[in-house]
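Visitor: I have a structure I would like to understand better, so I am pasting it below and will then ask my questions one at a time.
Residue numbers (my numbering): 1301 to 1722.
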């Protein structure tokens, strides 16, 4: 049995951890830098910012389902390296255009879309790569260390990105993200362990059949269906929020990039607290009640956003993001644990890709709707509408069998096989 700290002596894991840490830090920088580039440097309208958010998440809708099946037919590390190099090349276009005085708003859209497509493939491959790199008894420890680096990046990255925008301009912040992807690729190239060749299923139509089976399993399952409905509804509201919240902060509240970075960090600190609390709440309350409570907190506290006025409103926005960070992480850990438990092993990959398709694919719709509406009625009205939509998300878990699920360590066999035979 491996000791808890043995992974730090695992050279290839250290390289994977370093790749993820560097890449996540750069990504968090760009999450602030790209929309601020559009708003401040290129004078984007609320509709254009909403459209940019939609384009960022559109790849999850377009390639989310087949990406999982395709990646299962390839070695994962080359996919990771290619995705990193591709994202670096795409992002380098923007600072280069700025340097040549050629940067225009339209350039952000194809760059963001391409980065989104490559991110879908990276995320799918990344989730399957760790088990091929470390021993089975090291998986929990490995995932915990990788999650720690992601959380750290989420706390440090927005402030760093906002500071770079404030001091050195947004294109420099985007350049930092591009360099982070190059660094990630170099760490992955240095990994020594060879992967086993993937097993490719026979039959030309097998891919479509596998995709359909995963979708049917999610839709027909009495626990997975309300999770999908709740998460999709929350993400519809989230898409609208993301489309207008930065515009609202800059133009309605008058916040500087540094203030915006501080506000976003509050949400990420909330996420860190949620990760700590989740290990205690779910065992005490039960997984179903934890899901109901966390969704309720997430939905109701979003009322703080449209209630914010003036620069003092930054504290209300920070409080809203903090509450969202805590409740979202608690919700995600509870519902992901439940999903993994009630799903047969052979359907896990397709269940996850089907869930991502449904719950991430709806974000562009919310972003476009939010951007269009903000252009007509203003950002504050959209934040009120997003709050109302979020309240609807409380219904699916509250009115379904999900609310009474306590322990997922030994799921009912019938629930584990609804929608497909194990």
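Where is the CB? At the ideal position from N, CA and C, for every residue including glycine.
Would you give the residue range spanned by the alpha helix (DSSP H) that residue 1370 belongs to?
Guide: Counting along the chain, the alpha helix (DSSP H) containing residue 1370 begins and ends at 1364 to 1371.
Visitor: Go to residue 1313, then tell me how far its alpha helix (DSSP H) extends in each direction, as first and last residue.
Guide: Run containing residue 1313: 1311 to 1336, per the alpha helix (DSSP H) assignment.
Visitor: Does the stretch 1336 to 1346 come close enough to the stretch 1476 to 1484 to have 3 or more Cβ pairs within less than 8 Å?
Guide: Segments in contact, no.
Visitor: Could you check the C-alpha separation between residue 1705 and residue 1671 for me, to the nearest Å?
Guide: Distance between the alpha carbons of residue 1705 and residue 1671: 38 Å.
Visitor: Cα-Cα, which of 1696, 1548, 1429 and 1635 is closest to residue 1707?
Guide: Checked all of 1696, 1548, 1429 and 1635; the closest Cα to residue 1707 is 1635.
Visitor: Cβ of residue 1317 versus every heavy atom of the ligand MN: is any distance shorter than 7 Å?
Guide: The ligand MN is absent from the structure shown, which contains no ligands of any kind.
Visitor: Among 1629, 1372, 1619 and 1541, which one has its Cα closest to the Cα of residue 1495?
Guide: Here the closest residue by C-alpha is 1372.
Visitor: Counting along the chain, where does the alpha helix (DSSP H) carrying residue 1609 start and finish?
Guide: It is not in any alpha helix (DSSP H) - residue 1609 carries neither H nor E in the DSSP assignment.
Visitor: With distances taken between CB atoms, is the gap from residue 1618 to residue 1571 smaller than 8 Å?
Guide: Their beta carbons are not under 8 Å apart, which means residue 1618 does not touch residue 1571 by this criterion.
Visitor: Tell me the rounded alpha-carbon separation between residue 1667 and residue 1468.
Guide: Their backbone Cα atoms lie some 29 Å apart in a straight line.
Visitor: Can the beta-carbon of residue 1691 be found less than 8 Å from the beta-carbon of residue 1526?
Guide: Taking 8 Å as the Cβ cut-off, residue 1691 and residue 1526 do not qualify as a contacting pair.
Visitor: Leaving out five residues before and five after residue 1377 in sequence, what residues of the same chain have Cβ atoms less than 7 Å from its Cβ?
Guide: If we look at residue 1377 and ignore the five residues flanking it on each side, its Cβ neighbours are 1429, 1488, 1491 and 1495.
Visitor: Three-state secondary structure (DSSP) at residue 1586?
Guide: In this structure, residue 1586 counts as coil in the three-state DSSP scheme.
Visitor: Considering Cα atoms alone, identify which of 1699, 1306 and 1358 is closest to residue 1523.
Guide: Per the Cα distances, 1699.
Visitor: Three-state secondary structure (DSSP) at residue 1693?
Guide: Residue state, collapsed to three classes: coil.
Visitor: Determine the burial state of residue 1521: buried for a count of at least 16 other Cβ atoms within 10 Å of its Cβ, exposed for fewer.
Guide: Under this definition residue 1521 is a buried residue.
Visitor: Quick one: residues in its chain with C-beta nearer than 6 Å to the C-beta of residue 1507, no 5 flanking neighbours on either side, listed in chain order?
Guide: Excluding residues within five positions, the ones whose Cβ falls inside 6 Å are 1369.
Visitor: Could you pull the start and end residues of the alpha helix (DSSP H) that residue 1647 belongs to?
Guide: From DSSP, residue 1647 is part of no alpha helix (DSSP H); its letter is neither H nor E.
Visitor: May I ask you to report which of helix, strand or coil DSSP gives residue 1580?
Guide: Three-state DSSP puts residue 1580 in a helix.
Visitor: For residue 1550, which residues from the same chain have a beta carbon less than 6 Å from its beta carbon, with the 5 sequence-adjacent residues on both sides left out?
Guide: These residues qualify, in order along the chain: 1339.
Visitor: In the structure shown, what three-state DSSP assignment does residue 1623 receive?
Guide: In the structure shown, residue 1623 sits in a helix (DSSP, three-state: H, G or I).
Visitor: What runs of the beta strand (DSSP E), each 3 residues or longer, lie entirely inside the stretch 1626 to 1686?
Guide: Correct list: empty.
Visitor: Please list, in chain order, all residues of the same chain as residue 1321 whose beta carbon is under 7 Å from its beta carbon, the five residues on each side excluded.
Guide: Excluding residues within five positions, the ones whose Cβ falls inside 7 Å are 1449 and 1453.
Visitor: Thinking just about the alpha-carbon of each residue, which of 1391, 1310, 1312 and 1486 is nearest to the one in residue 1331?
Guide: The shortest C-alpha separation from residue 1331 is found at 1391.
Visitor: If we ignore side chains and look at the alpha-carbon of each, how far apart do residue 1631 and residue 1600 end up?
Guide: About 14 Å.
Visitor: Can the beta-carbon of residue 1557 be found closer than 8 Å to that of residue 1465?
Guide: Contact flag set, yes.
Visitor: Tell whether a beta-carbon distance below 8 Å holds between residue 1300 and residue 1561.
Guide: Since the first residue shown for the chain is 1301 and the last is 1722, residue 1300 is missing from the structure and cannot be characterised.
Visitor: Which same chain residues, not among the five before or five after residue 1309, have their C-beta less than 7 Å away from its C-beta?
Guide: Correct list: empty, nothing qualifies.
Visitor: Which residue wins for smallest C-alpha separation from residue 1654, given the options 1463, 1540, 1531 and 1584?
Guide: Among 1463, 1540, 1531 and 1584, the Cα nearest to that of residue 1654 belongs to 1531.
Visitor: Ignore the nearest five residues each way along the sequence and tell me which others in residue 1325's own chain have a CB closer than 7 Å to its CB.
Guide: Only 1453, 1456, 1457 and 1480 meet the Cβ criterion.
Visitor: Nearest to residue 1243 by CA position, among 1323, 1379, 1687 and 1518, is which residue?
Guide: With the chain covering 1301 to 1722 only, the question about residue 1243 has no answer from this structure.
Visitor: Using only the alpha-carbon positions, how far apart do residue 1328 and residue 1565 sit?
Guide: Looking at the two C-alpha atoms, the distance is approximately 11 Å.
Visitor: Quick one: using the 10 Å Cβ neighbour count with 16 as the cut-off for buried, is residue 1315 buried or exposed?
Guide: Buried, by the Cβ-count rule.
Visitor: According to the neighbour-count rule (16 or more other Cβ atoms, all chains shown, within 10 Å of its Cβ), is residue 1313 buried or exposed?
Guide: Buried: at least 16 other Cβ atoms inside 10 Å.
Visitor: What span of residues does the alpha helix (DSSP H) with residue 1542 cover, start to end?
Guide: Where residue 1542 is concerned, the enclosing alpha helix (DSSP H) stretches over 1524 to 1547.
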